[in-house]
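What follows is a short report on a single structure.
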Amino acid sequence: MRIILGVGGGIAAYKSASLLRLFTEAGHNVSVIPTEASTRFVGVATWEALSGNTVSSSVFDEVEKVNHVRLGHEADLIVVAPATADLLSRAAAGQAGDLLTNTLLMARGPVLFAPAMHTEMWSHPATRANVATLRSRGALVMEPAVGRLTGKDTGAGRLPDPEDIFAAAMAALEMRPQEPAVPAGALAGRTVTVTAGGTREPLDPVRFLGNRSSGKQGVAVARAALEAGARVRLIAAHMDVPAPDGVELSRVETALELREAVHAVAPESDVLIMAAAVADFRPDSQSNTKIKKRDDGGDPVITLVRNPDILAEAVQQRNAAAASGEGALPSVIVGFAAETGDGSGEVLDYGRQKLARKGCELLVLNRVGVSLVFGQDVTEVTLLSPADSDAAPAPTYTGTKTEVAAHIITRVAQELTGALSVH
Ligand code: CTP
């Protein structure tokens with residue numbers, strides 16, 4: 286899930302570093318928005334290093350990304366810890382003087398406040414009224430813990446333990462409205478071919494070059510396509526998960542086998558979804574016997590040759606068929622891209638370049654890193670299309686692979702309706 290951690294300007298800000306850790310270790314993507322005052326207690330560098338995301342307090346940083354609108358909109362949950370008396374007051378009044386309060390106003394998912402302040406501040410009628418206002422609007426405001434406060438005083442006002450805030454945050458996520466299911470029947474009468482898993486390129490009878498793809502995302506997409514009423518062909522390379530019931534399954538090992546399987550069925554498929562992690566290279570030869578250690582102590586040399594780009598080929602063949610007036614299937618071809626980069630802008634640029642290079646209708650861009658993606662159940666994707674514009678920018682979805690698959694299939698169904706009038 287995509288979580289925003291708002292950090293208020295109190296001494297307890299340092300405890301939010303442990304909270305952030307709990308979120309990221311659970312596979313969530315966290316963007317930290319500290320208030321200006323809080324950076325006197327914990328600096329921006331700490332939040333950037335721990336979250337793996339850029340951090341800002343101001344609406345005037347990275348203005349082109351319209352962060353004051355985007356962050357709140359995209360968040361599945363906002364957690365404010367510590368929520369100081371001042372921050373509760375500003376939130377209750379609906380102020381928008383900094384990035385965090387802007388984001389709170391734009392929130393579409395649950396908002397959880399974990400207060401921390403002196404007992405007198407917490408029990409002051411002004412704070413009581415602010416808390417009541419926030420709760421009346423549906424915000425979740427935790428009770429502060431009781432104990433030793435910053436000075437010599439003790440009482441109610443300590444920031445709840447990070448583990449307790451984490452538990453409340455997970456409960457809040459459970460409460461959020463369920464993702465829309467795949468529209469029933471949206472792909473009825475259509476054939477969807479999905480490739481999934483990682484190819485294995487043999488070196489000898491016992492060894493291969495492989496990759497970490499689990500096949501989970503491809504399987505989730507195949508399942509979502511089934512739910513949408515499609516006939517689904519699943520071309521499975523190596524996967525850690527079983528193929529879903531109801532698909533027509535072909536098993537392949539290598540990139541060349543996968544290519545052959547795709548070529549055989551693509552011209553009869555309305556949609557081709559290339560979720561497989563295809564090895565870009567294979568050993569130029571395969572030994573028929575196990576490669577042995579050499580008596581002279583020398584190291585073996587493995588020469589790699591390029592595998593064909595199956596996705597780009599499928600697009601070219603479809604376009605060539607369309608140009609010669611033949612039936613031009615698949616109408617919608619979807620590629621996947623796992624990219625790493627320093628910032629989300631860089632990752633988007635790589636994705637757009639790949640979309641242009643491959644020529645497909647949709648590219649599912651995964652940002653890899655910060656405990657996201659490989660083998661994990663929580664993922665974040667941006668759906669890039671050549672039709673993206675300022676008015677209709679590429680949407681980003683965070684969620685389980687099943688939830689993300691539902692978004693992909695919903696979008697494919699929309700593309701298919703549009704695509705049919707084009708081809
Ligand atoms: N793909 C393919 N054939 C290949 C390699 C990749 O069809 N030989 C498909 C994958 O199934 C995926 C998409 O292309 O849908 C993106 O693959 P990726 O390896 O990330 O792209 P590359 O073009 O290899 O770019 P790079 O390795 O430079 O990131």
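The sequence shown maps to residues 286 to 708 in the numbering used here. Every residue gets a Cβ at the ideal spot worked out from N, C-alpha and C, and that includes glycine.
| task | Output the distance between the C-alpha atoms of S301 and T412, rounded to the nearest integer angstrom. | result | Position 16 of the sequence shown, counted from the first residue, corresponds to residue 301. Position 127 of the sequence shown, counted from the first residue, corresponds to residue 412. Looking at the two C-alpha atoms, the distance is approximately 22 Å.
| Are the Cβ atoms of P319 and L385 separated by less than 9 Å? | Along the sequence shown, one-based indexing puts residue 319 at 34. Along the sequence shown, one-based indexing puts residue 385 at 100. Yes, these two residues count as a Cβ contact at 9 Å.
| said: Please classify G432 as buried or exposed, where buried requires at least 16 other C-beta atoms within 10 Å of its C-beta. | reply: Numbered from 1 along the sequence shown, position 147 holds the residue referred to as residue 432. Flag for G432 reads exposed.
| Where does K643 land, buried or exposed, given buried means 16+ other C-beta within 10 angstroms? | Here the question's residue 643 lines up with position 358 in the sequence shown. So K643 ends up on the buried side.
| query | Exposed or buried, S421, counting other C-beta atoms within 10 Å across all chains shown (16 or more means buried)? | reply | Residue mapping note: residue 421 aligns to position 136 of the sequence shown, counting from 1. Exposed, since its Cβ has fewer than 16 Cβ neighbours within 10 Å.
| task | Tell me whether V658 sits in a helix, a strand or coil according to DSSP, three-state version. | result | Reading the sequence shown from its first residue, position 373 is the one you call residue 658. The pLDDT assigned to V658 is 44, lower than 50, so where the model puts this residue is not dependable; a value taken from the coordinates is nonetheless given after this. Looking at V658 - three-state DSSP - the assignment turns out to be coil, as it is neither helix nor strand.
| query | Closer than 8 Å: is that where the CB of V563 sits relative to any heavy atom of the ligand CTP? | reply | Working through the sequence shown from its first residue, we reach residue 563 at position 278. Yes.
| field | S303 (DSSP reduced to helix, strand or coil) | value | Indexing the sequence shown from 1 puts residue 303 at position 18. Of the three classes helix, strand and coil, the one that applies to S303 here is helix, per DSSP.
| A562 (DSSP reduced to helix, strand or coil) | Here residue 562 refers to the residue found at position 277 when the sequence shown is read from its first residue. Three-state DSSP puts A562 in a strand.
| query | Where does T685 fall in DSSP's three states? | reply | Here residue 685 corresponds to residue number 400 of the sequence shown, with the count starting at 1. Residue state, collapsed to three classes: strand.
| task | For F308, name the three-state secondary structure that DSSP assigns. | result | For this step, residue 308 is matched to residue 23 along the sequence shown. Helix, per DSSP.
| field | Rounded distance between the beta-carbons of L543 and T484, thought under 8 Å | value | In the sequence shown, the residue the question calls residue 484 occupies position 199. In the sequence shown, the residue the question calls residue 543 occupies position 258. Their Cβ separation, rounded to whole angstroms, is 6 Å, which keeps T484 and L543 in contact under 8 Å.
| message | From the DSSP secondary-structure annotation, give me the bridge partner or partners of L289. | response | Against the sequence shown, residue 289 aligns to sequence position 4. Note on identity: in this sequence residue 289 is Ile, with Leu being the wrong assignment. For I289, which the question treats as bridged, DSSP gives the partners S316 and I363.
| query | Distance, Cα to Cα, L373 vs I520? | reply | Locating residue 373 in the sequence shown gives position 88, counting from the first residue. Locating residue 520 in the sequence shown gives position 235, counting from the first residue. Roughly 53 Å separates the two Cα atoms.
| message | Quick check: the Cα distance between Y682 and V689, rounded to an integer number of angstroms? | response | Your numbering for residue 682 matches position 397 in the sequence shown. Your numbering for residue 689 matches position 404 in the sequence shown. Going by the C-alpha atoms only, they are around 6 Å apart.
| query | DSSP state of G254, grouped into three classes? | reply | The structure shown does not extend to residue 254, since the chain is modelled only from 286 through 708, so no value can be given for it.
| message | Considering just the uninterrupted stretch of the beta strand (DSSP E) at P400, what are its terminal residues? | response | Taking the first residue of the sequence shown as position 1, residue 400 is located at position 115. Residues V396 to P400.
| field | Residue span of the beta strand (DSSP E) that contains N415, given as start and end | value | Locating residue 415 in the sequence shown gives position 130, counting from the first residue. First-last for N415: P410 to S421, but that is the alpha helix (DSSP H), not the beta strand (DSSP E).
| query | In terms of DSSP beta bridges, what is N651 paired with? | reply | By one-based count along the sequence shown, residue 651 stands at place 366. According to DSSP, which records beta bridges pairwise, N651 is partnered with A623 and V666.
| message | Can you tell me whether L701 is helix, strand or coil according to DSSP? | response | Position 416 of the sequence shown holds residue 701. Three-state result, L701: helix.
| query | Can you tell me whether I450 is buried or exposed, with buried defined as 16 or more other CB within 10 angstroms of its CB? | reply | For this step, residue 450 is matched to residue 165 along the sequence shown. By the 10 Å Cβ count, I450 comes out buried.
| field | Rounded straight-line distance, which links the Cα of A509 to that of A251 | value | Here the chain comprises residues numbered 286 to 708, so residue 251 is not present and cannot be evaluated.
| Cβ of L425 within 9 Å of Cβ of P395? | The sequence position of residue 425 within the sequence shown is 140, counting from 1. The sequence position of residue 395 within the sequence shown is 110, counting from 1. The answer is yes: Cβ separation under 9 Å.
| message | Between R642 and the ligand CTP, is there a pair consisting of the residue's CB and a ligand heavy atom that are separated by less than 8 Å? | response | Sequence index remark: in the sequence shown, residue 642 carries index 357 (1-based). Flag set: Cβ of R642 near the ligand CTP.
| task | Apply the 10 Å Cβ neighbour rule to N713 and answer buried if 16 or more other Cβ atoms are within range, or exposed otherwise. | result | There is no way to answer for residue 713, as the model of the chain reaches only from 286 to 708.
| query | Who are the near neighbours of G293 in its chain, counting only those whose CB is closer than 7 Å to its CB and skipping five residues on each side? | reply | Here residue 293 corresponds to residue number 8 of the sequence shown, with the count starting at 1. Here the set comprises T320, S323, V365, P367, A368, T369 and L372.
| message | Using a Cβ-Cβ cutoff of less than 7 Å, which residues in the same chain neighbour L534 once the five nearest sequence positions on both sides are dropped? | response | Counting from one through the sequence shown, the residue named residue 534 turns up at place 249. Here the set comprises L519, A521 and A528.
| request: Under 7 Å Cβ to Cβ from V354, same chain only, skipping five residues before and after it: list those, please. | output: Taking the sequence shown and counting its residues from 1, the one referred to as residue 354 is at position 69. The residues are M391.
| field | Alpha-carbon to alpha-carbon, L650 and A546 | value | For this step, residue 546 is matched to residue 261 along the sequence shown. For this step, residue 650 is matched to residue 365 along the sequence shown. Going by the C-alpha atoms only, they are around 24 Å apart.
| query | Count the other CB atoms within 10 Å of the CB of H523; is the residue buried (16 or more) or exposed (fewer)? | reply | Along the sequence shown, read from residue 1 onward, the residue named residue 523 stands at position 238. Result: buried.
| request: With a threshold of 8 Å, establish whether the CB of E624 neighbours any heavy atom of the ligand CTP. | output: Taking the first residue of the sequence shown as position 1, residue 624 is located at position 339. It does: the Cβ of E624 is within 8 Å (strictly closer) of some heavy atom of the ligand CTP.
| task | Please classify G474: is it buried, with 16 or more other beta-carbons within 10 angstroms of its beta-carbon, or exposed? | result | As a position in the sequence shown, residue 474 is number 189, starting the count at 1. Exposed, because fewer than 16 other Cβ atoms sit within 10 Å of the Cβ of G474.
| Using the beta-carbon count (16 or more within 10 Å), is F345 buried or exposed? | Taking the sequence shown and counting its residues from 1, one reaches residue 345 at position 60. With fewer than 16 other Cβ atoms within 10 Å, it is exposed.
| query | What does DSSP give as the partner residues of R433 in its beta bridges? | reply | Within the sequence shown, residue 433 is the residue found at index 148, counting from 1. DSSP lists T439 as partners of R433.
| Would DSSP call F345 helix, strand or coil? | Here the question's residue 345 lines up with position 60 in the sequence shown. Three-state result, F345: coil.
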